[in-house]
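Here's the structure we're looking at; comments come further down.
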Amino acid sequence: MSARLLYVMDPMCSWCWGFAPVAKALVEQAQAAGVELHLVVGGLRTGSGAALEPTTRRYIFEHWQAVAEATGQPFKFEGALPEGFVYDTEPACRAIVTARSLAPDCAWTLLGLIQHAFYVEGRDVTRADVLVELAEKAGVPRIEFAALFDRADQHEATLADFNWVQDLGIAGFPTLLAERNGQLALLTNGYQPLSELSPLLGRWLERAACV
């Protein structure tokens, strides 16, 4: 029997940050059952190259406030998304993909560090130097990560994740998929509390163990 839990997210997606404690608990539940884990990056906002307009910035802050109220996760608003900020999630996604290729377990730690740096510390996680620092903190070898991060194959691997997500028709994050023998089951598309998802995952794990 081959079983995997796939977490489809974007490290600069506010609902994914809100979902982080739930995701952590579900990952631990799956690990305890011996199920393989896999991170997939979705590409929330990529390629525009344009700085945020003030109206867009206000809209994003309203969204963050709603996530904070719904989930209890902390957000730093003062000084966040400064004038001229380009909200491009591709570099942060590529950092996850790069870490995944070098040290898969560390990719999950890096995800949490990027989210905390962006939403709580107000750091610019679109910058390569910040991502290299966070990767090292996550346990990824600094020299190897820095050398690999901007290589063409990592850009291509990141784009491959984006395309896979689009081909499946996944339009929102976080999304949690359970895969058994090549068959995908949707556990959630969007935020749900642990009280809803843990029993759902538990039932899937029981069925997977019986196959």
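Each residue of the sequence shown is one higher than the one before, starting from 1 at the first, in UniProt numbering.
Even glycine gets a Cβ: it sits at the ideal position worked out from N, Cα and C.
Taking a 10 Å sphere around the C-beta of F19, we find 16 or more other C-beta atoms and assign the residue as buried. Collapsing the DSSP output to three states places A157 in a helix. For Q29, DSSP records no beta bridge to any residue. Q183 sits in a strand when the DSSP states are folded into three classes. Between the beta-carbon of C106 and that of G43 there is about 21 angstroms, and that puts the pair past the 8 angstroms contact cut.
Assignment of T188 by DSSP, reduced to helix, strand and coil, places it in the strand class.
The C-beta of F77 has fewer than 16 other C-beta atoms within 10 Å across all chains shown, which makes the residue exposed.
Out of L184, L176, L37, N163, the CA that lies nearest to the CA of P104 is found in L37. Straight-line measurement puts the Cα of E90 at about 20 angstroms from the Cα of W64. S2 counts as exposed, since fewer than 16 other C-beta atoms from the protein chains shown sit within 10 angstroms of its C-beta. Taking 9 angstroms as the cut-off, the beta carbon of L52 is found no closer than this to the beta carbon of L6. Secondary structure of L5 (DSSP, three-state): strand.
Under the DSSP assignment, V67 falls in the alpha helix (DSSP H) whose first and last residues are 54 to 71.
The three-state secondary structure of L102, taken from DSSP, is helix. Within the same chain, Cβ atoms closer than 7 angstroms to the Cβ of F118 are found at M12, V125, the five residues on either side in sequence being excluded.
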